[in-house]
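Protein chains in written order, with this note's numbering: chain F, 2 to 245; chain H, 505 to 982.
Structure follows, in structure tokens:
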């Protein structure tokens with residue numbers, strides 16, 4: 002699904018990623034853990050194609066060179082980023098936004114546009130799975146949403162847009178335990194043999210609910226250690242300083 | 505407008521020219537030209553006298569120069585003041601007699617005039633250069649006592665109403681362009697809604713400039729008698745030409761006791777090319793008088809076209825408890841310039857006004873909001889709320905807000921809020937990450953920014969305006 006070799010990224014002449022290697026197969030869920038400033042969010046931005054980074058190294062997604070694709074092309078080809086801080090867009094209805102996005106992605110896949118009735122039915126079904134109040138969907142996008150509502154909205158979008166490769170950027174931050182459980186079960190219900198996940202997190206807490214196949218420790222722009230769930234538990238006990 | 509199935513991904517889709525034989529007035533501005541216009545319109549003497557009075561006034565008046573956008577001196581002797589398709593000389597009795605080329609032109613613009621294909625719920629007056637081509641739904645409106653016709657027809661058939669109200673809101677001597685219009689105006693719409701009548705459909709005028717080297721001098725007069733209501737829409741387009749063309753309109757609205765007028769504009773005149781060559785000079789005077797108590801006038805404008813837009817749709821709140829509203833979106837891209845806003849003059853007690861202005865600037869364009877809120881001494885307990893938001897794209901455009909605020913009594917309140925922001929990179933990234941390309945993302949964000957104004961437009965226009973907002977900004981971020 003995703004192959005990264007010797008990835009380096011800098012912004013404003015500041016090196017952030019300094020030679021990162023990772024390979025993710027279909028069906029796998031990889032967790033990336035690391036202290037503040039280790040480059041976790043940069044990795045999420047670079048994979049989704051955000052502007053402003055100087056990049057070198059190899060970035061392959063489904064055998065294709067990611068570096069040549071714009072942000073929207075990547076999204077249309079099934080890369081989804083659940084944002085750490087979903088941005089507010091005043092005046093834009095949440096419902097309409099999601100429908101526009103879905104139709105754009107369906108079109109790229111060669112599927113027919115979804116009509117309003119079918120869309121609303123789909124939306125109702127997926128919202129109720131995540132315990133989202135339907136009224137939220139007719140509000141302006143992310144405007145005045147609580148932390149939990151914002152994150153649930155990200156997961157809802159994931160479930161409706163049906164991407165292949167999903168990056169969760171600190172999806173657990175700002176969530177209380179009930180919201181965390183709902184979000185985690187939303188992610189778990191979407192896991193299958195064809196989909197891959199990169200879960201970026203600070204704490205082991207999220208991984209208690211979303212079981213990773215692999216855990217990597219990111220420190221100073223490099224993966225310094227890889228392992229299984231035990232690594233996450235070790236980190237939680239000893240802290241990041243001991244791992245290096 | 506309905507029934508349109510057009511690819512929007514092109515620069516200016518209304519840029520075509522209709523090849524048609526014209527009758528023109530002699531070139532230049534002179535008494536001869538004015539007499540020519542008056543004669544061809546078969547006007548009574550009082551109308552000609554009125555025009556000549558304006559022409560004499562024009563000789564001693566000067567072009568204003570306080571506005572932000574400067575423009576090269578206009579040679580008024582090098583313009584045609586009247587141009588009309590030859591086939592319109594003897595006014596066609598019915599649509600069957602109208603030149604098919606004209607019908608085709610409006611069809612291409614998305615305005616079917618044929619009886620069978622008329623837009624449902626909208627009566628249209630179609631003005632081509634200096635004449636009205638056709639007015640739909642006329643009979644149905646007549647049954648209710650509503651008059652909706654070209655102003656040239658109203659001058660002949662309803663002289664008392666025209667004499668009473670024409671120039672009563674924008675006097676002949678108002679300012680240079682208003683005076684010029686009074687001398688040479690050619691066509692536009694006339695609306696009269698009788699007392700206690702709610703106009704059953706939207707009334708609209710569609711203005712088209714076609715001929716080259718020709719100025720369009722539209723004159724519109726709308727009177728809402730006691731307790732009546734009308735919603736009026738106007739749309740405008742012009743062919744792509746390298747020369748600048750002048751559109752100097754006067755629009756007067758009069759609302760009597762308990763009457764309401766809602767006036768919406770979607771202005772999409774040719775804006776000139778990417779290098780700022782050509783485009784329409786849109787120098788327009790629009791003013792409404794809330795003459796009666798509890799009357800209301802609401803202006804909504806979406807200004808996306810024209811090389812230069814210079815207009816301030818205003819309300820004179822004479823009647824006690826009257827209300828004036830101004831909702832505006834002004835979008836400028838490439839080399840376009842807009843200096844637009846409103847004037848709210850509070851004269852009566854308990855009068856209220858509300859101003860919502862959204863200015864969007866891209867490319868090398870310049871966008872100015874200029875507004876006056878003037879609460880006079882006797883306008884006790886009056887209120888104004890103003891909100892001006894500017895959005896900038898790129899770093900070569902400009903946004904300016906110039907509010908003038910006067911309050912002459914202590915019982916009135918004025919609120920003014922203004923913001924200026926750049927289009928947000930995070931918002932664009934978010935939209936892109938959900939599969940929208942750059943232009944779709946910009947269109948979505950800008951439409952969100954303009955929502956408060958867009959939702960004031962009648963349904964049919966709102967959809968069109970949303971698309972227009974997107975097209976106008978194509979290529980502005982990238």
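Yeah, the Cβ is synthetic: ideal placement off N, Cα and C, and Gly gets one too.
- Contact with chain F is absent for residue 516 of chain H, since none of that chain's Cβ atoms lies less than 7 angstroms from the residue's Cβ.
- With distances taken between CA atoms, residue 969 of chain H lies nearest to H:834 out of H:626, H:834 and H:819.
- Interface annotation, residue 870 of chain H: not in contact with chain F, CB-CB separation never under 7 angstroms.
- Going by DSSP, residue 712 of chain H is part of the beta strand (DSSP E) stretching over 706–712.
- Among the residues of the region 649–674 of chain H, none has a Cβ less than 9 angstroms away from any Cβ of chain F.
- Inclusion of residue 584 of chain H and residue 531 of chain H in the CB contact set at 7 angstroms is warranted, their separation being smaller than that value.
- When only Cα atoms are considered, residue 33 of chain F and residue 167 of chain F end up about 13 angstroms apart.
- Residue pairing for residue 771 of chain H: DSSP places it in a beta bridge opposite H:740 and H:807.
- 7 angstroms or more divides the Cβ of residue 799 of chain H from the Cβ of residue 766 of chain H.
- Counting only runs of 3+ residues, the beta strand (DSSP E) found wholly inside the region 893–977 of chain H occupies 902–911 and 917–926, in chain order.
- In chain order, 951, 952, 953, 954, 955 and 956 make up the part of chain H whose C-beta sits under 8 angstroms from the C-beta of residue 92 of chain F.
- Under a criterion of Cβ atoms nearer than 7 angstroms, no residue of chain F is adjacent to residue 965 of chain H; the nearest Cβ is some 18 angstroms distant.
- In this structure residue 187 of chain F is in contact with residue 131 of chain F, their Cβ atoms being roughly 5 angstroms apart against a cut-off of 8 angstroms.
- Fewer than three Cβ pairs drawn from the region 539–554 of chain H and the region 221–236 of chain F lie within less than 8 angstroms of each other, which leaves the two stretches out of contact.
- Chain order gives the chain F residues near residue 937 of chain H as 49, 72, 76 and 82, where near means a beta carbon separation below 7 angstroms.
- With respect to the 7 angstroms criterion, residue 769 of chain H and residue 518 of chain H are not classified as neighbours on the basis of their beta carbons.
- Per DSSP, the unbroken alpha helix (DSSP H) holding residue 687 of chain H starts and ends at 680–688.
- Assigned with DSSP and collapsed to three states, residue 749 of chain H falls in strand.
- Three or more pairs of CB atoms, one per stretch, sit closer than 8 angstroms, so the region 29–49 of chain F contacts the region 202–219 of chain F.
- For residue 814 of chain H, the uninterrupted beta strand (DSSP E) run begins and ends at 812–815, by DSSP.
- Inclusion of residue 79 of chain F and residue 165 of chain F in the CB contact set at 7 angstroms is warranted, their separation being smaller than that value.
- Residue burial annotation: residue 159 of chain F is buried, with at least 16 other C-beta atoms found within 10 angstroms of its C-beta.
- Using a Cβ-Cβ cut-off of 7 angstroms, residue 136 of chain F does not count as an interface residue toward chain H, since no Cβ of chain H sits closer than that to its own.
- Closest in C-alpha terms to residue 648 of chain H, from the list H:936, H:750, H:705 and H:674, comes H:705.
- Between residue 751 of chain H and residue 681 of chain H, the alpha-carbon positions lie close to 10 angstroms from each other.
- Per DSSP, residue 602 of chain H lies in no beta strand (DSSP E) segment and is marked neither H nor E.
- Annotated three-state conformation of residue 532 of chain H is coil, per DSSP.
- Judged by DSSP secondary structure, residue 875 of chain H falls within the beta strand (DSSP E) whose first and last residues are 870–879.
- Taking 3 residues as the minimum length, the beta strand (DSSP E) runs contained wholly in the region 105–173 of chain F are 166–170, in order along the chain.
- Taking 7 angstroms as the CB threshold, residue 65 of chain F stays off the interface with chain H.
- Among the CB atoms of chain F, none fall inside 7 angstroms of the CB of residue 696 of chain H.
- Scanning its chain for C-beta atoms nearer than 6 angstroms, with the 5 sequence neighbours on each side dropped, one finds around residue 733 of chain H the residues 702 and 764, in chain order.
- In chain order, 88 and 90 make up the part of chain F whose C-beta sits under 7 angstroms from the C-beta of residue 931 of chain H.
- If you look at residue 43 of chain F, you'll find it in the alpha helix (DSSP H) that goes 41–49.
- Close to chain H, meaning a Cβ-Cβ distance shorter than 8 angstroms, are the following residues of the region 106–117 of chain F: 106 and 109.
- As computed with DSSP, residue 632 of chain H is found in a beta bridge with H:635 and H:712.
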